[in-house]
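Line by line, the protein sequences are chains A and B.
The first sequence lines up with residues 1 to 216 when you count with my numbering.
The second sequence lines up with residues 1001 to 1163 when you count with my numbering.
The next block holds one structure in the form of structure tokens; read it before the comments.
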Amino acid sequence: MNDLSAPTVARNRLRRVFSIIGEGLAVTLAGLALAVLANQLSPRGLSLTRNYFPAIASTNLDIVRNVVATVTNLPPTETLEGELRAAGMQLAVSNQVIAWFADPRRLTGHIIFVDARNEGEYLAGHVPGAWLFDPYHPEKYFPVVLPAAQAAEVIVVYCHGGDCDDSVTAATLLKDVGIPGGKISVYGGGIGEWEALAQPVETGAQNSDHLGKGAP
Amino acid sequence: MSQAQTGSDRRREAWLNLAARWILGGAYVYMGGAKALQPVDFLKLVRQYDLVHHATVLNAIAAWLPWFEMACGLFLMAGIAVRGTALVSLVLLIPFTAAVLHRALALKSLLAISFCAVKFDCGCGNGEEFICRKLAENAVLIALSVWLLARSARCDSIQGGSS
């Protein structure tokens, strides 16, 4: 059993190595086929052809902001303001957003709030009356949000706040479909700051009237 | 006596093999499943590595990788093509670990903190984690992959030699 010649042993070893590599390739192909199929069948599956991060949000905003803020000693919101201004949009601060919320024009749809988080987060608590617009599934939300955005004079887009850039992505998508950038303001503090300021929060669907206050 | 010992050694090895397959396979199913449930979140995390700039390639990675990991995990747990899957696992884990390490080093110098204090969501399926813990986890997964690859190859060689 142990009297195999050296070339035979080497040949057997090489055969084993190729056999393992072949098995690895077969696993890769089978795994890929299953992955493609699962993504196609999954209701949460991603589209391969869509650009989920249009224009202004195409770079890694949180890291860019942090680097710029470190180099310039400016808070991250100031660098975001510059990026938005360059794209023809504005950055809104909490006082301004609270004033817009209290403005009677909000009740007639001339001032609207757009929540750029996902549906689960929206249902857990949003600015009362805000429209849900998950920018990663725009086809689902454009039909209802677009007419409201076209009719509005002021559109306030928000997400979590902090380094969340989904509000910028949503604002860019709205601008890309023809909403004038001058009407669009991104609330940098987001729902996190809104709740910390003890502003009203609505849970469930839009205008569900299930109101509460954020915890300061 | 020696035959009984060999039998018990084989049984122990079979159990160790099974445990290694289930631990590695379970980790892949868990981590892949967490990402497959929230593909958009995973897409955002992949984008933060700034390694891929083409939208279609980025989308393909985020769309397929979680399911691919789950498939590998299931193959391992079911004992299907263990050598090949262990090899694929190694081929996946080494560049992933390098990418996570690279990003952690970038964050370390950016935030001016100690290496082990760096904490971020690497897109591995466990949420935010301290880098040293993540690297230790990956080292265990790599060791299990190497072990499975070596054991399966050796078993194959013994079977081949005795036939």
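From the three backbone atoms N, C-alpha and C, an ideal C-beta is built for every residue, glycine too.
Note that the structure is predicted; figures quoted are calculated from it, not measured.
Here DSSP, grouped into helix, strand and coil, assigns Asp134 (chain A) to coil.
Classified as buried, Thr1097 (chain B) has 16 or more neighbouring CB atoms from the shown chains inside 10 Å of its CB. Residue range Ser94 to Ala102 is occupied by the alpha helix (DSSP H) that includes Ser94 (chain A). Taking 7 angstroms as the cut-off, the Cβ atoms of Asp1121 (chain B) and Leu1043 (chain B) do not count as close.
Under the Cβ distance rule, Ile20 (chain A) counts among the residues neighbouring chain B, one pair being separated by less than 7 angstroms.
Taking a C-beta distance under 7 angstroms as the contact criterion, Lys1134 (chain B) and Glu1128 (chain B) do not qualify as a contact pair. For Ala1020 (chain B), same chain residues with a beta-carbon under 7 angstroms away, outside a window of 5 residues either side, are Leu1144, Trp1147 and Leu1148 in chain order. Nearest to Val177 (chain A) by C-alpha distance, out of A:Thr49, A:Gln206 and A:Pro143, is A:Pro143.
Membership of Asp115 (chain A) in the beta strand (DSSP E) is indicated by the continuous run Ile111 to Asp115.
In its chain, beyond the 5 residues on either side, Arg1021, Leu1076, Leu1148 and Ser1152 have a beta carbon closer than 7 angstroms to the beta carbon of Val1082 (chain B). Glu23 (chain A) belongs to the set of residues whose beta carbon lies under 7 angstroms from a beta carbon in chain B. With respect to the 7 angstroms criterion, Thr1085 (chain B) and Val27 (chain A) are classified as neighbours on the basis of their beta carbons. In this structure, Pro135 (chain A) sits near Ala170 (chain A), with a CB-CB distance shorter than 7 angstroms. Inside the region 175-211 of chain A, DSSP marks whole alpha helix (DSSP H) runs of 4 or more residues at positions 190-196, from first to last along the chain.
Taking a beta-carbon distance threshold of 7 angstroms, Thr28 (chain A) counts as an interface residue toward chain B.
Rounded to whole angstroms, the separation of the alpha carbons of Ala1063 (chain B) and Asp1041 (chain B) is 11 angstroms. Within the same chain, Cβ atoms closer than 6 angstroms to the Cβ of Asn118 (chain A) are found at Asp134, the five residues on either side in sequence being excluded. At least one beta carbon of chain B lies nearer than 7 angstroms to the beta carbon of Arg44 (chain A).
Under a 10 Å Cβ-count criterion, Ser1089 (chain B) is classified as buried, with 16 or more other Cβ atoms of the shown protein chains found around its own Cβ. If you look at Val36 (chain A), you'll find it in the alpha helix (DSSP H) that goes Ala6 to Leu41. Per DSSP, the unbroken alpha helix (DSSP H) holding Phe1042 (chain B) starts and ends at Pro1039 to Gln1048. Looking at A:Ile184, A:Gly162, A:Gly129 and A:Gln90, the one whose alpha-carbon comes closest to that of Glu153 (chain A) is A:Ile184. Residues of chain A with a Cβ closer than 8 angstroms to the Cβ of Asn1017 (chain B) do not exist; the shortest Cβ-Cβ separation is about 16 angstroms.
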